[in-house]
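A.B. asks:
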Amino acid sequence: MALGIELVDQNPWWKKKTARKNDKHLVALAKSKVPWRPRIRHRFRFDRDIVYTLRGPRQVGKTTLLKDLIYDFIEKGVDPRTLLYYTCDLVDSPRDLVGIVNAYLDTVRPNTRERAYIFLDEISSVRDWQKAIKHLSDTGKLQNATVILTGSHTLDIKKAYERLPGRRGDISDLPDKILLPMKFVEYVETVNKDIADVLSSLRLIEFSNRKRVLLEVAKGKIPNEVKELSLYSKELDSLFSNYLLAGGIPRVVDEYLRTGQISEGVYRTYVDVVVGDLSKWNKRETYLRQVLRRIIESAGNPVGWNTLRQGTDIASHNTVADYVDTLKDSFIVFYLSFYDISRRIPLYQKEKKIHFYDPFFYHALRGWIGGYDPFSASKDFLKSPQNVGMLTESIVGNHLIRLAFALSRQKQLFDYENSLFYWKSNKGREVDFVIKLEDGSTLPMEVKYQSDIIRSDLYGIIDFKKSSKSKRGILLSKDKLEVKGKITALPVWLFLMLI
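When you line the sequence shown up against the working numbering, it's residues 381 to 879, in that order.
(1) Check whether the segment 430-439 touches the segment 468-488, taking contact to mean three or more Cβ pairs, one atom from each stretch, closer than 8 Å.
(2) Specify the secondary structure class of Ala496 as computed by DSSP and reduced to three states.
(3) Thinking C-alpha only, which one of Lys845, Ala869 and Glu862 is nearest Leu855?
(4) Where do the N-terminal and C-terminal ends of the beta strand (DSSP E) with Ala525 fall, by residue?
(5) Note down the Cα distance separating Ile385 from Glu502, rounded to an integer number of angstroms.
(6) Relative to the alpha-carbon of Gly627, which residue among Phe740, Ser504, Lys660 and Phe453 has its alpha-carbon at the smallest distance?
(7) Which residue or residues does DSSP assign as beta-bridge partners of Phe736?
(8) Within its chain, find whatever has a CB closer than 8 Å to the CB of Asn681; leave out the 5 residues flanking it on each side and keep chain order.
(9) Does the segment 698-715 come close enough to the segment 667-676 that 3 or more CB-CB pairs lie under 8 Å?
(10) DSSP three-state label for Ala824, please.
(11) Just the Cα atoms here: how many angstroms apart are Asp427 and Arg495?
(12) Under 8 Å, with one C-beta from each stretch per pair, do the segment 583-593 and the segment 651-661 reach the 3-pair mark?
(13) Just tell me which of Val700, Asp448, Phe424 and Ala679 has its CA closest to the CA of Arg417.
(14) Excluding the five sequence neighbours on either side, which residues of its own chain have a C-beta within less than 7 Å of the C-beta of Val632, listed in chain order?
(15) Consult DSSP for Thr649 and reduce its assignment to one of helix, strand or coil.
(16) Where does Ala679 land, buried or exposed, given buried means 16+ other C-beta within 10 angstroms?
(17) Which partner residues does Tyr719 have in the DSSP bridge list?
(18) Is the segment 821-831 touching the segment 842-854 in the sense that three or more CB pairs, one from each, lie closer than 8 Å?
(19) Using CA coordinates, which residue listed in Asn482, Arg489 and Arg638 is at the minimum distance from Val414?
(20) Relative to the C-alpha of Ser758, which candidate in Val593, Pro490 and Glu644 has its C-alpha closest?
(21) Under a three-way DSSP split, which group does Phe339 fall into?
(22) Curious, which full-length alpha helix (DSSP H) runs of at least 4 residues does the segment 758-805 contain?
(23) Exposed or buried, what is Leu727 when buried is set at 16 or more other beta-carbons lying within 10 Å of its beta-carbon?
(24) What does the Cβ neighbour count give for Ile834, buried or exposed, with the cut at 16 atoms within 10 Å?
(25) Which of the three DSSP states is assigned to Ile854 in this structure?
(26) DSSP three-state label for Val488, please.
(27) In chain order, what residues of the same chain have a beta carbon less than 8 Å from the beta carbon of Ala598, not counting five sequence neighbours either side?
(28) Below 8 Å, how does it come out for the segment 796-803 and the segment 706-719: are there three or more Cβ pairs, yes or no?
(29) Taking 8 Å as the threshold, find out whether the segment 608-619 comes into contact with the segment 559-578 through three or more Cβ pairs.
(30) Using alpha carbons as the reference points, say which of Thr666, Val768 and Ile815 lies closest to Trp748.
Following this line, the structure appears as structure tokens:
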């Protein structure tokens, strides 16, 4: 098959190894005040025949990660022509995708003895892309090749399992990866070198050590690492305030750090890709607006699909549930189910608590729905302690999903809905989060983003402990670091530094 000009243009390193300096994504990374290099880059096995998927919300940095990996290979002496990158936004069919990959393999790849590295970006744009990968695998074209496919929807992962049985390579290596916005600790270590050095000296870069410290906190201890981090309370509290506004998307954080504001164009870009992505799944923009408005109005409170439907012109609660699930599968929102203590399972039929994955997602979509100037509206929104508390709860929930995955022994089929929940007692006292730990025990956690903690703030955890076999609980506050009885209180920002 003839080699297309577009294919050559997307792989300038085939002609010139130093093309890195002209790549817009890597130029932006080099100039950024947020030169984030996600840890997930180290979790690919490039010495094996594996078809990976890399999922995550749009604009989070998946393309930049692929380009950075490619030039890392080149700088290590790998033949540039063993590296294929292609963005699939304009690929019409599985047949066209097969043609592109075959054109590379037959024309550019040096020889089949050298391993090929194939990066297909935004493969979700190609309907039934799994047929192309299946064909390439069945015809032996993916032998001695490592493949990474990126996209922004979890449904593709499910289809990959269903339609590519036995064609993913060594699936024990967790072939499906997710790249989410920066966690708070990643944000901190990227923008503040002094604290990054402290994390390194305390060996908190390694998850095994962070896990040890977290479990000690859960047992009512205050480890030395926590005491050391608490010395930076002023800096971490300020950084958390910035995180509440800009979230963990590098491009957004970079603009905010450089200019002190976030332009309307940045908000608009994110809204456009969300609306565009959902339209590919046959979702109506008018319904999307209405569902998002109702989610925002009920943020932080348990809500049922019928309740969300109220105030909209959507006829069925099933349609509302479908829209919320599509937002969930697109990594925009997540929701938690009620925890049944007696059966130790989620009760799916009860109300959900819906949260946004990232503060910036919340601000951008709230501004779009309300017709506000998004940056000014975000600043005004965060003047309210109640609003800050609600958004803080979402941030904690997002981080606990990541922690639940890290603690889970079942990585391949991990579903956070079986590991993280909320709970409410018969007296109406709520626990924001209940997380399952490695040993199967549960830990109740409550978020109270305030300085003054009174006994009634602990009632939810106390009720949960009485109703379950949980021995301890954690209360996340604005600035309290203390152990009272069976409950450990520590600042939210300090807890997030351990996840």
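For glycine and all other residues, C-beta sits at the position ideal for the given N, C-alpha and C. These figures come from a predicted structure and were not determined experimentally.
C.D. replies: According to the structure data:
(1) no
(2) As a first step, residue 496 must be located in the sequence shown, where it is residue number 116. The answer is strand: DSSP assigns Ala496 an E or B state.
(3) For this step, residue 855 is matched to residue 475 along the sequence shown. Of the candidates Lys845, Ala869 and Glu862, the one whose C-alpha sits nearest the C-alpha of Leu855 is Ala869.
(4) Along the sequence shown, one-based indexing puts residue 525 at 145. Where Ala525 is concerned, the enclosing beta strand (DSSP E) stretches over Ala525 to Gly531.
(5) Translated into the one-based positions of the sequence shown, residue 385 becomes position 5. Translated into the one-based positions of the sequence shown, residue 502 becomes position 122. When rounded, the distance between both Cα atoms is 20 Å.
(6) For the purposes of this step, residue 627 is identified with residue 247 of the sequence shown, where counting begins at 1. Looking at the Cα atoms, Phe740 is the closest of the given residues.
(7) For the purposes of this step, residue 736 is identified with residue 356 of the sequence shown, where counting begins at 1. The partner list for Phe736 (beta bridge, DSSP) reads Val713.
(8) Indexing the sequence shown from 1 puts residue 681 at position 301. Answer for Asn681: Lys733, listed in chain order.
(9) yes
(10) Working through the sequence shown from its first residue, we reach residue 824 at position 444. Strictly speaking, residue 824 in this sequence is Pro, with Ala absent from that position. DSSP places Pro824 in strand when its eight states are reduced to three.
(11) As a first step, residue 427 is located in the sequence shown; it is residue number 47 there, counting from the start. As a first step, residue 495 is located in the sequence shown; it is residue number 115 there, counting from the start. Looking at the two C-alpha atoms, the distance is approximately 8 Å.
(12) no
(13) Within the sequence shown, the letter at position 37 stands for residue 417. It is Asp448 whose Cα lies nearest to the Cα of Arg417.
(14) Position 252 of the sequence shown, counting from 1, holds the residue named residue 632. Cβ within range, chain order: Ala626, Ile642, Val646 and Phe740.
(15) Within the sequence shown, residue 649 is the residue found at index 269, counting from 1. DSSP places Thr649 in helix when its eight states are reduced to three.
(16) To locate residue 679, count along the sequence shown from 1; it is residue 299. Burial call: buried.
(17) Counted from its first residue, the sequence shown places residue 719 at position 339. For Tyr719, which the question treats as bridged, DSSP gives the partners Pro726.
(18) yes
(19) Numbered from its first residue, the sequence shown carries residue 414 at position 34. The residue with the shortest Cα to Cα distance from Val414 is Arg638.
(20) One-based indexing of the sequence shown puts residue 758 at position 378. Considering only alpha carbons, the answer is Glu644.
(21) Nothing about residue 339 can be reported from this structure: the residues present for the chain run from 381 to 879 only.
(22) 765-787
(23) Here residue 727 refers to the residue found at position 347 of the sequence shown. With fewer than 16 other Cβ atoms within 10 Å, it is exposed.
(24) As a position in the sequence shown, residue 834 is number 454, starting the count at 1. So Ile834 ends up on the exposed side.
(25) If you number the sequence shown from 1, residue 854 lands on position 474. Strand.
(26) Taking the first residue of the sequence shown as position 1, residue 488 is located at position 108. Coil, per DSSP.
(27) Walking along the sequence shown from the start, residue 598 turns up at place 218. Contacts found: Leu817, Leu823, Arg852, Ile854 and Thr868.
(28) yes
(29) yes
(30) By 1-based counting over the sequence shown, the position of residue 748 is 368. Among Thr666, Val768 and Ile815, the Cα nearest to that of Trp748 is on Thr666.
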